[in-house]
Amino acid sequence: MCGIISIKGKNAIRKTISGLKKLEYRGYDSCGIAWKNKKLNIKKSKGYISILEEKVKNIKSELTIGHTRWATHGVPSELNSHPHVSMDGKFMCVHNGIIENYKELKKQFLQGYEFYSDTDTEVIPNLVSKFYKDLVNCNPSCCNRRRNSKYSGECYGSKCKCASYCDDILTAFKMAIDQLKGSFAIVLINDYNDKIYFARHSSPMVISKTKDMIICSDINGLDDKSNTFYLPDDTYGVLDNDFEVFDTNSKPIAIKYSNYKGGIENKLSGYKHYMLKEIYEIPNAIELTKDALYGASLTLPKNISQILFVSCGTSYHASLMAKKYIENFAHIPCECVIASEFISSNNLILPNTLGVFISQSGETADTLKSLEKAKSQGVYTLAITNVQNSHITLIADTTVLMRAGAEICVASTKAYTTQLFVLLQLTNYLIGLQQGNFRIISEKIQSKKQDKVSEGEISKANTCVGATELVEVLSKQDCLGISSDDIANLTGLDISTIDKQLDNLVDKIYLHKQFHLIGKDYDYITAMEGSLKIKEISYIFTDAYPCGELKHGTLSLIDENSIVFVIMTERDLIAKTTNAIHEITSRGGNVVCITQFDDIDLSDCYYVIHLPKLNQLFMPIVSIIPFHLISYKITTKLGLNPDKPRNLAKSVTVE
Ligand code: AGP
Numbered sequence: 184m185c186g187i188i189s190i191k192g193k194n195a196i197r198k199t200i201s202g203l204k205k206l207e208y209r210g211y212d213s214c215g216i217a218w219k220n221k222k223l224n225i226k227k228s229k230g231y232i233s234i235l236e237e238k239v240k241n242i243k244s245e246l247t248i249g250h251t252r253w254a255t256h257g258v259p260s261e262l263n264s265h266p267h268v269s270m271d272g273k274f275m276c277v278h279n280g281i282i283e284n285y286k287e288l289k290k291q292f293l294q295g296y297e298f299y300s301d302t303d304t305e306v307i308p309n310l311v312s313k314f315y316k317d318l319v320n321c322n323p324s325c326c327n328r329r330r331n332s333k334y335s336g337e338c339y340g341s342k343c344k345c346a347s348y349c350d351d352i353l354t355a356f357k358m359a360i361d362q363l364k365g366s367f368a369i370v371l372i373n374d375y376n377d378k379i380y381f382a383r384h385s386s387p388m389v390i391s392k393t394k395d396m397i398i399c400s401d402i403n404g405l406d407d408k409s410n411t412f413y414l415p416d417d418t419y420g421v422l423d424n425d426f427e428v429f430d431t432n433s434k435p436i437a438i439k440y441s442n443y444k445g446g447i448e449n450k451l452s453g454y455k456h457y458m459l460k461e462i463y464e465i466p467n468a469i470e471l472t473k474d475a476l477y478g479a480s481l482t483l484p485k486n487i488s489q490i491l492f493v494s495c496g497t498s499y500h501a502s503l504m505a506k507k508y509i510e511n512f513a514h515i516p517c518e519c520v521i522a523s524e525f526i527s528s529n530n531l532i533l534p535n536t537l538g539v540f541i542s543q544s545g546e547t548a549d550t551l552k553s554l555e556k557a558k559s560q561g562v563y564t565l566a567i568t569n570v571q572n573s574h575i576t577l578i579a580d581t582t583v584l585m586r587a588g589a590e591i592c593v594a595s596t597k598a599y600t601t602q603l604f605v606l607l608q609l610t611n612y613l614i615g616l617q618q619g620n621f622r623i624i625s626e627k628i629q630s631k632k633q634d635k636v637s638e639g640e641i642s643k644a645n646t647c648v649g650a651t652e653l654v655e656v657l658s659k660q661d662c663l664g665i666s667s668d669d670i671a672n673l674t675g676l677d678i679s680t681i682d683k684q685l686d687n688l689v690d691k692i693y694l695h696k697q698f699h700l701i702g703k704d705y706d707y708i709t710a711m712e713g714s715l716k717i718k719e720i721s722y723i724f725t726d727a728y729p730c731g732e733l734k735h736g737t738l739s740l741i742d743e744n745s746i747v748f749v750i751m752t753e754r755d756l757i758a759k760t761t762n763a764i765h766e767i768t769s770r771g772g773n774v775v776c777i778t779q780f781d782d783i784d785l786s787d788c789y790y791v792i793h794l795p796k797l798n799q800l801f802m803p804i805v806s807i808i809p810f811h812l813i814s815y816k817i818t819t820k821l822g823l824n825p826d827k828p829r830n831l832a833k834s835v836t837v838e
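Be aware that the sequence shown starts at 184, since it is given in our numbering, and climbs by one per residue.
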């Protein structure tokens with residue numbers, strides 16, 4: 184988690200603050216900046232970047248490191264916020280990730296050092312400081328290390344023969360990172376020279392070379408996204424007017440730049456909060472995604488035997504919905520695993536498995552790690568993400584982009600609904616695949632040299648378990664029975680027809696301490712996602728169950744104070760769902776029913792929310808919207824900020 188930006192260039196402080204504001208979606212409980220003006224300086228704040236901005240507004244510098252934090256070790260406070268400083272004040276660093284062995288490192292190398300914070304990070308500048316002193320004082324053991332390093336040479340302390348080309352700080356920095364266990368993206372500046380040192384392991388960073396030199400935890404922090412270099416994993420380096428990058432054996436890495444156009448639209452456009460704006464953008468987000476997908480094709484292995492979905496949070500709920508779509512209509516067995524569980528369990532991967540990794544941000548550490556694990560087991564991997572050029576797109580075999588536009592609010596709304604739309608299209612592709620609606624890529628390469636298909640794609644196919652052929656699945660025909668009128672009804676959805684039904688309800692329930700949500704089949708998944716949405720931003724306890732599970736435990740909680748949301752969008756399940764409603768109302772509980780059916784007796788219910796009637800396949804997209812709006816309304820009524828819930832961040836970049 185956390186955001187890093189470090190700049191070498193004119194007006195670096197102002198630009199660093201502006202970059203940090205763009206990175207606030209990665210964490211926003213505290214922040215800090217260090218800069219050099221002959222000497223090192225530092226300022227930190229608890230809370231939003233705007234507070235830090237005030238503290239540094241008239242200061243100028245051409246060398247900075249900045250950080251916005253999401254606390255892992257130690258409470259959010261000025262002391263625990265980054266940059267962290269070595270005991271001698273000579274090294275300052277910012278860090279994303281977790282140093283798992285920081286206690287051992289303190290014992291092994293840093294006896295007698297004083298630490299002022301509760302963080303794991305503080306060992307890093309101290310280790311660099313210690314190793315640097317060792318090198319300069321030239322004790323024999325360090326000479327050995329130095330001989331083994333890129334900057335080898337005989338060492339004679341201050342009379343060192345190699346002094347002209349030897350960067351002792353880079354050597355000390357490498358010695359320090361070699362000791363670290365866990366995950367890290369680190370940027371360090373020092374009192375001795377004006378260079379910036381950086382390293383990464385399992386935590387992304389990009390370098391941008393324009394008129395300024397910038398290191399950033401992701402491209403969203405950059406104004407100018409041209410000429411960016413994605414730092415490969417397990418590398419380190421040094422930046423001055425240009426930069427050098429090395430692998431763990433200190434071999435130089437070739438630099439390849441990419442150009443990215445687009446970025447986060449940081450405008451509220453008249454809305455009070457991003458969340459409300461993003462809910463109202465749902466129809467448009469789906470329309471843009473539809474336009475990008477229709478007529479497109481997708482490269483997949485032939486003969487898929489199973490689909491493995493791996494993701495987190497809301498994206499996991501989208502995968503549960505996909506399992507239903509695909510098993511019902513494409514008849515391919517699916518498994519959905521939460522990414523953090525996938526990393527730490529032994530999963531049985533069948534031959535011909537397609538791995539689908541869903542991530543709005545494309546930067547979620549658990550999902551990225553899972554993707555790498557699945558790839559190493561020979562799985563052909565498809566990423567579904569909203570962010571072009573995000574890290575997931577760089578490591579997956581193939582990608583489908585959602586076009587929801589920037590989602591700034593921590594709670595995912597338009598991205599979730601767009602994910603569901605993409606997953607319906609994936610179902611369509613898979614049915615097409617079974618119907619032979621594809622062409623074999625090797626044939627395509629032979630017949631049409633101009634097509635953008637590389638030989639690499641074929642060799643990729645050969646490395647996947649059992650997937651001996653990659654095919655291009657064509658999405659020309661609709662295999663799900665969705666008409667153009669159905670699509671027009673969805674993309675023309677008027678959110679205000681749902682919105683205007685909710686104020687009366689919210690006035691009555693916003694002070695409640697807990698809510699239950701239930702549903703059957705697709706509606707049960709909507710209950711799970713609705714429950715996550717409410718608790719995530721309003722801090723009210725919620726839980727979600729399939730209707731039939733109530734009587735196996737939760738019913739004991741139901742009394743006249745209970746509010747139970749019941750989602751009912753499948754006609755075949757009306758009888759069973761209304762049974763659950765009776766079980767609740769007969770115990771005095773209050774049911775808020777969300778349905779598109781107006782031909783059933785819901786007079787027992789405390790409140791009914793009427794959904795627009797759309798093609799049945801789209802009902803999961805529509806039935807979640809009342810929960811988006813209810814969460815938003817409750818949260819704002821409680822005086823909380825829906826865009827930045829406490830303890831959370833938009834992009835969870837730590838495992
Ligand atoms: C959604 O409201 C949450 N903020 C969270 O569960 C999120 O979906 C999860 O962290 C996964 O993020 P990703 O889709 O960017 O990978």
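From the three backbone atoms N, C-alpha and C, an ideal C-beta is built for every residue, glycine too.
My assumption, with CB atoms under 8 Å, is that residue i sits in contact with residue j. Please give the rounded CB distance.
i: ILE266; j: GLY215; result: The amino acid occupying residue 266 in the given sequence is Pro; Ile does not appear at that position. Indeed they touch by this definition, with Cβ atoms about 5 Å apart.
i: VAL306; j: LEU288; result: 5 Å
i: ALA587; j: ILE720; result: With 8 Å as the limit, ALA587 and ILE720 do not qualify as a contact, their Cβ atoms being about 19 Å apart.
i: VAL268; j: ILE225; result: 7 Å
i: ILE436; j: PHE429; result: 6 Å
i: LEU700; j: ALA727; result: 5 Å
i: PHE381; j: LEU422; result: 7 Å
i: LYS232; j: LYS204; result: It is worth fixing the name first, because residue 232 is Ile in this sequence and not Lys. The pair is a contact, with the Cβ atoms about 5 Å apart (cut-off 8 Å).
i: GLU590; j: ARG622; result: Not confirmed; about 35 Å, so no contact.
i: LYS357; j: SER409; result: With a Cβ gap of about 30 Å, LYS357 and SER409 do not count as contacting.
i: THR760; j: MET751; result: 4 Å
i: THR610; j: TYR508; result: 4 Å
i: THR818; j: PRO825; result: 4 Å
i: PHE367; j: ILE282; result: 7 Å
i: LYS460; j: LEU451; result: 6 Å
i: LEU554; j: ILE490; result: So it is not a contact: roughly 14 Å between Cβ atoms.
Per DSSP, which one or two residues make a beta bridge with residue i?
i: ASN773; result: ILE746
i: ASN373; result: PHE274
i: SER480; result: LEU657
i: CYS399; result: ILE188 and VAL389
i: LYS865; result: Residue coverage of the chain in this structure runs from 184 to 838, which leaves residue 865 outside it and unanswerable.
i: GLY249; result: ILE188 and ILE216
i: ARG383; result: ALA368 and THR418
i: ASN263; result: Its beta-bridge partners do not exist; DSSP assigns none.
i: ARG622; result: GLU655
i: MET751; result: THR778
i: TYR728; result: ILE701
i: PHE492; result: CYS519 and VAL539
i: SER129; result: Residue 129 is absent from the structure shown; the chain starts at 184 and stops at 838.
i: ASN279; result: ALA368
Report yes if the C-beta of residue i is less than 7 Å from at least one heavy atom of the ligand AGP; otherwise report no.
i: THR550; result: yes
i: VAL319; result: no
i: LEU584; result: no
i: SER553; result: no
i: LEU715; result: yes
i: GLY496; result: yes
i: ALA594; result: yes
i: VAL835; result: yes
i: THR547; result: yes
i: GLN543; result: yes
i: GLU719; result: yes
Should residue i be counted as a contact of the ligand NAD given a C-beta to heavy atom distance under 7 Å?
i: SER201; result: By its list of ligands, the structure shown excludes the ligand NAD, since it contains just the ligand AGP.
Is the shortest distance between the beta-carbon of residue i and the beta-carbons of chain D less than 8 Å?
i: LEU700; result: Among the chains of the structure shown, chain D does not appear; only one protein chain is present.
Quick one: complete beta strand (DSSP E) runs, 3+ long, within the stretch 407–444? 411–413, 418–422 and 426–430
For a minimum of 4 consecutive residues, which ranges assigned as the alpha helix (DSSP H) are wholly contained in the stretch 533–589? 548–559 and 574–578
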